[in-house]
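Asks: Below is the structure I would like to discuss, written out as structure tokens.
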Amino acid sequence: MEQPVGDEELKKPHVQWADGKCCSCRLHPADPQMTDAALDRFRSAVFRKVCTAFFFRIDLHCTVNELQDEELYLVKWKGYSDTECSWEPRHHLKCFHLVKQFHRDLERELLRKAKSQGNTTSKKVIARCPRRLDSSLSHHIVLKAKQRQRLRFWEQQLNAKRAHPGLIIVENEVDLEGPPKDFMYINQYKVGEGVTIIQSAVGCTCRDCLTDDRGCCPGGFQHKFAYNEDGQVKIKPGFPIYECNSLCRCGPSCPNRVVQKGIQYKFCIFRTEDGRGWGVRTLEKIRKNSFVMEYVGEIITSDEAERRGQIYDRQGATYLFDLDYVEDVYTVDAARYGNISHFVNHSCKPNLQVYNVFVDNQDERVPRIAFFATRTIRTGEELTFDYNMHVDPVDVESTKMDSNFGLAGLTGSPKKRIRVECKCGSTKCRKYLF
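Just add 441 to the spot in the sequence shown (first one is 1) and you have the working numbering.
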């Protein structure tokens, strides 16, 4: 839409004030006796009311035009169809954050177009708002606004389903990709068909689990206490972590209850600029050796993992995580069911390390997979782990991603695929993922 609609369209009462009449002259906006000045007062009052009392009642998007040197914005009213949008002058708009977002979208698209065309003009000049928007620009901004609505709704769904304190934010300032299809957010393992888990646990009777580590849960399984007084892991990768469970006499403040408390940090799912799809960045500083998140999904048998691996090959994605602490019987598939770890990317120089954790279930075939920070992670930094992580063989135990990348239709185990190029960009990049 490059031209403003006519005066008659502008006078349509898309939002009514009180009884649908002007609060100053008591005339309906479409009444022939309504003067331009009265209409202006009416519409200004409507915008002021909507934008302050119902801040999110307006979704501003589409385009901006100039008529007699005045900017007009096409406003999409929540609860009304796209055909009932109205053109409004800027001084009517009190939703300043939406106006600002509109201009940011416009600026990014202008810069993207200039870059694709090899334009070497300064960014400041390129980003200036044109007097008229062509149809491609208008179309892009409409799509961007609708995408942002979908992502906002998905963000609300994720936060409604999470059972952990850490908030989830979703951002995509790179392309028009929306929420992933057929992905269900879960907080713990989903047991798949053919999987049998032996539920067993023995509780401790410690008065102070931190000092009485011999009688505590780790000592009961002849392992060391995993955490210090600040909840940071102090054992080497490869050794298991046994936390206190529901049968223990200690309370929720016990220092041996870390992973079971869930994600504590605020994270952002964002779209990467280098073609790696979605990624996860932390919005808070994370101390070295602190628990970050669990890798959860659907627990499936090795045979089922074999079958699904062939399908994922065609999609060019990997979500299979072998549970090979004692024997390679089960696999975690986070393709359809998972938590925020579903979106964590690979790096040959990761900032997350894998540990096997046991809480209420001591079935060694089904450990919980926990990620701990290998170093201090700064606010805004992307979280990564090594999909092909190997633990020191001296420690015996190991956990790694199932390398199911490969050529579509290739037979054999998911672990015997052809090489796939790595895009992590780290200084220690192995050049190939598997």
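Every residue gets a Cβ at the ideal spot worked out from N, C-alpha and C, and that includes glycine.
#1: Tell me, which residues are paired with Y760 by DSSP?
#2: Buried or exposed, going by whether 16 or more other CB atoms sit within 10 Å of the CB of L617?
#3: Given a cut-off of 7 angstroms on the beta-carbon distance, is the pair Y736 and S782 in contact?
#4: Can you confirm whether F594, when its beta carbon is compared against all beta carbons of chain C, has any partner nearer than 7 angstroms?
#5: Enumerate in chain order the residues of its own chain whose CB-to-CB distance from L584 is below 7 angstroms, with the five nearest sequence positions on each side excluded.
#6: Compute the Euclidean distance between the alpha carbons of E745 and L761, then round it to the nearest angstrom.
#7: Could you please give me the residues that DSSP links to A604 through a beta bridge?
#8: Compute the distance between the beta-carbons of C863 and K869, then report whether it is under 7 angstroms.
#9: Once DSSP output is grouped into helix, strand and coil, what is the label at C689?
#10: Could you pull out every unbroken alpha helix (DSSP H) segment of at least 4 residues lying fully inside the stretch 665-729, listed in chain order?
#11: Could you check which residue in N613, A642, Y828 and E747 has the C-alpha nearest to that of C709?
#12: Using the Cβ count rule (16 or more neighbours within 10 Å means buried), how would you classify L688?
#13: Is F813 helix, strand or coil by DSSP?
#14: Grab the span of the alpha helix (DSSP H) containing Q663 for me, first residue to last.
#15: Nearest to K665 by CA position, among Q673, R648, D649 and Y683, is which residue?
#16: What ranges does the alpha helix (DSSP H) occupy inside the stretch 603-662, keeping only unbroken runs of at least 4 residues that lie completely in it?
#17: Below 8 angstroms on the Cβ atoms is my guess for F826 versus V795; work out the distance and round it to an integer in Å.
#18: Cβ atoms of A811 and V700: under 7 angstroms apart, would you say?
#19: Going along the chain, which residues of its own chain have a beta-carbon closer than 6 angstroms to the beta-carbon of V899, five neighbours each way excluded?
#20: Please report the residue range of the alpha helix (DSSP H) in which S527 lies.
#21: For E735, report the span of its beta strand (DSSP E) as first-last.
#22: Got a sec? Which residues, its chain only, sit under 7 angstroms from S867 by beta carbon, not counting five neighbours each side?
#23: Say the cut is 6 angstroms; is the CB of K869 nearer than that to a heavy atom of the ligand MN?
#24: Any contact between the stretch 708-722 and the stretch 599-612? By contact I mean 3 or more CB pairs, one from each, below 8 angstroms.
#25: With a 10 Å radius around its C-beta and 16 neighbouring C-beta atoms as the bar for buried, classify K675 as buried or exposed.
#26: Taking 6 angstroms as the limit between beta carbons, can you name the residues of its chain near Y778, skipping five residues before and five after?
#27: With a floor of 3 residues, list each beta strand (DSSP E) that falls wholly inside the stretch 763-826, ordered by position along the chain.
#28: Skipping 5 residues on each side, what residues in its chain have a beta carbon closer than 7 angstroms to that of G716?
#29: Which residue comes first and which comes last in the alpha helix (DSSP H) that contains E550?
#30: Determine the extent of the beta strand (DSSP E) in which E862 is found, giving its start and end residues.
#31: Mark I638 as exposed unless 16 or more other C-beta atoms lie within 10 angstroms of its C-beta, in which case mark it buried.
#32: Between L874 and E525, what straight-line distance do the alpha-carbon atoms span, to the nearest angstrom?
#33: From G644 to Y521, what distance separates their C-alpha atoms?
#34: Would you please state the rounded distance, in angstroms, between the beta carbons of Q705 and G607? I believe it to be under 8 angstroms.
#35: What number of angstroms, rounded off, separates the C-alpha of H581 from the C-alpha of D763?
#36: State buried or exposed for G635, treating a residue as buried only when at least 16 other CB atoms are found within 10 Å of its CB.
Replies: In short:
#1: None; Y760 has no bridge partner.
#2: exposed
#3: yes
#4: Absent from the structure: chain C. Only one protein chain is present.
#5: L617
#6: 11 angstroms
#7: DSSP, once it has assigned bridges, lists no residue as partnering A604.
#8: no
#9: coil
#10: none
#11: N613
#12: exposed
#13: strand
#14: Premise fails: Q663 is in no alpha helix (DSSP H) and is neither H nor E.
#15: Y683
#16: 658-661
#17: 7 angstroms
#18: yes
#19: Only positions 442 to 875 of the chain appear in the structure, and residue 899 is not among them; the question remains open.
#20: That residue, S527, is in no alpha helix (DSSP H); its beta strand (DSSP E) goes S527 to P530.
#21: F732 to Y736
#22: S788, C789 and K790
#23: The model depicted lacks the ligand MN and carries no ligand whatsoever.
#24: yes
#25: exposed
#26: M625, I627, K631, G738 and E739
#27: 771-774, 793-799 and 809-814
#28: K864
#29: F537 to S557
#30: Per DSSP, E862 belongs to no beta strand (DSSP E) and is neither H nor E.
#31: exposed
#32: 51 angstroms
#33: 58 angstroms
#34: 6 angstroms
#35: 42 angstroms
#36: exposed
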